[in-house]
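In our numbering, the protein residues as written are 8 to 356.
Ideal Cβ placement from N, Cα and C applies to all residues, glycine included.
Please read the structure below before turning to the comments.
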Amino acid sequence: MDWSRFWRNVLATIIGLFMFIATAIYMVNPYGNLLFTPPFEKAVMATNQRFSYPSVARDPRFDSAVFGTSTSRLLDPKDLERRFGGDFANLAMNSSTAYEQYRLLDIYLRVHPLSRTVVVGLDISWCEAGDELHKYTFREFPEWMYDDTAWNDFPNMLTLKTLEIVGRKVGYLLGIRDTKYDADGYRNFLPSPSEYDLEKVRRGLYGAEGPRERSYSQEPQFLSVSEREDLNFPSHDLLKKTVEIIPDETKKVFFFAPYHFFSQPLPGTPSGEVWSECKRRINDIVSQGKNVWLVDLMIPSSLTQIDSNYWDPLHYTTNTATSVVNVLGDVVDESRQQPELYHLLYTSR
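Shown next, in the form of structure tokens:
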């Protein structure tokens, strides 16, 4: 056996396979982030939104966007456009940290410096007390996708995971596979309405005991002024930057997500006192901006006290999502006052 020829053939095969994979990744451009690629139809295919949404955030067709976690994902861009005008993208990511939300917002604003409306859903990711900012979750966050240049993206994409996304996109282009998210980032992630079981939902909301009022397990204990001052919210420095980088002309709508009332901590409990102080400080932060609204939907109300509005303690139905958009729209355009649904914590108008 001619071993030298054998190893040359092996090496040539490896190089050829690598070149084929690299060419396929570059030509298909599965994340929509590479330069000078064929003009295939855009398709959001990656399951991990942290890979999918940078290209959506950079898409020039949008002039408005939503940011947040899964508690904001069901805000339909079509509903938002009907109430606020413009062309909306929904860039809310599952379990995203405040840092991840800020990085995506920064990308969006670099491409859309004259953004019309920015909506930010606030939940536990902005109210975690502690000394350390938790930047990431267990989901991979591709920092190289979030910088100012696309030239360093391709080497980081030479992975089997990327090749899997290439296969999905090819399937979509051939008409045999659907996209993971719509082109505007929206996707209804809830089960089919035919699967809705109110009794099952209530067990998830309340536990085995079923529907009941919130109650104290012990006497309420409120934090003193000094104890409140000692609380630290690491994400609030990022919220300050968020308010600073959004142009004054842009409508800035911040809202506390409407958790089901039974999951909202009671005042006088440790978690309730943390939330209360967090809301107060966020009020102070957003009030430094112009063209700002801060709306608190995380209150016991005729929206959060109706069990059939929810699938679980944090995630509401699509009809409720439309109601949330309408409430925010009413607050901004002052068309209808519904104080039983929200608290308007601040407006610069």
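Are residue i and residue j touching if we call contact CB-CB under 8 Å?
i      : j      : result
Ala64  : Phe95  : no
Asn55  : Thr76  : no
Lys187 : Ala53  : yes
Asp154 : Ile252 : no
Asn316 : Thr327 : yes
Lys259 : Val302 : no
Tyr349 : Val338 : yes
Ala136 : Leu230 : no
Arg221 : Leu181 : no
Ile32  : Leu170 : yes
Val173 : Pro37  : yes
Leu111 : Phe74  : yes
Phe268 : Thr329 : no
Leu245 : Ile292 : no
Arg235 : Glu284 : yes
Val332 : Gln295 : no
Pro149 : Asn163 : yes
Thr44  : Thr257 : no
May I ask you to report which of helix, strand or coil DSSP gives residue i?
i      : result
Thr311 : coil
Thr124 : strand
Thr78  : helix
His350 : strand
Ala136 : coil
Tyr109 : helix
Asp244 : helix
Phe261 : strand
Asn358 : The chain is shown from 8 up to 356; residue 358 falls before or after that span and cannot be answered.
Trp14  : helix
Ser71  : strand
Asp83  : coil
Asp255 : coil
Tyr115 : helix
Tyr266 : coil
Asp155 : coil
Tyr38  : coil
Asp9   : coil
Asp337 : helix
Asp160 : helix
Among the options, which one has its Cα closest to the Cα of residue i?
i      : options                           : result
Leu129 : Met305, Pro320, Ala328 and His322 : Met305
Glu107 : Val302, Trp151, Thr325 and Ala328 : Trp151
His141 : Tyr109, Asn163, His119 and Arg68  : Tyr109
Phe263 : Leu18, Leu351 and Thr276          : Leu351
Pro120 : Phe69, Thr78 and Asp138           : Phe69
Thr78  : Phe58, Glu139, Ala99 and Thr30    : Ala99
Pro265 : Ile313, Met26 and Arg288          : Ile313
Phe240 : Tyr33, Tyr203, Ile289 and Pro277  : Ile289
Tyr353 : Phe74, Lys297 and Arg210          : Lys297
Asp242 : Phe47, Arg57 and Ser103           : It should be noted that the sequence gives Ser, not Asp, for residue 242. Considering only alpha carbons, the answer is Ser103.
Tyr143 : Lys85, Arg57 and Tyr193           : Arg57
Met34  : Gln225, Phe161, Ser233 and Gly217 : Phe161
Phe261 : Phe13, Leu116 and Val126          : Val126
Arg146 : Glu88, Lys85, Tyr179 and Ser59    : Ser59
Ser122 : Ala105, Gly93 and Ile131          : Gly93
Ser278 : Val177, Ile183, Val232 and Ile131 : Ile131
Grab me the residues of residue i's own chain with a C-beta within less than 8 Å of its C-beta, minus the 5 sequence neighbours each way, in chain order.
i      : result
Glu347 : Ser308 and Ser309
Lys49  : Gly39, Ser62, Asp66 and Ala190
Ala157 : Asn40, Leu41 and Leu42
Ser270 : Leu212, Pro320 and Leu321
Asp138 : Asn239 and Pro241
Please list, in chain order, all residues of the same chain as residue i whose beta carbon is under 7 Å from its beta carbon, the five residues on each side excluded.
i      : result
Phe196 : Arg80
Asp255 : Lys297 and Asn298
Pro218 : Arg209 and Asp314
Whose C-beta lies closer than 6 Å to the C-beta of residue i among residues of the same chain, with five residues either side of it excluded?
i      : result
Val118 : Arg65
Arg287 : none
Return the Cβ separation of residue i and residue j in integer angstroms, given the expectation that the two are a contact with Cβ distance under 8 Å.
i      : j      : result
Asp208 : Trp318 : The identity of residue 208 in the sequence shown is Val, whereas the question assumes Asp. Contact flag correct, Cβ pair sits at about 6 Å.
Phe91  : Gly336 : 6 Å
Tyr193 : Asn97  : 4 Å
Please confirm if residue i has its CB atom under 8 Å from at least one CB of chain B.
i      : result
Phe269 : The chain labelled as chain B is not found in the depicted structure, where only one protein chain is given.
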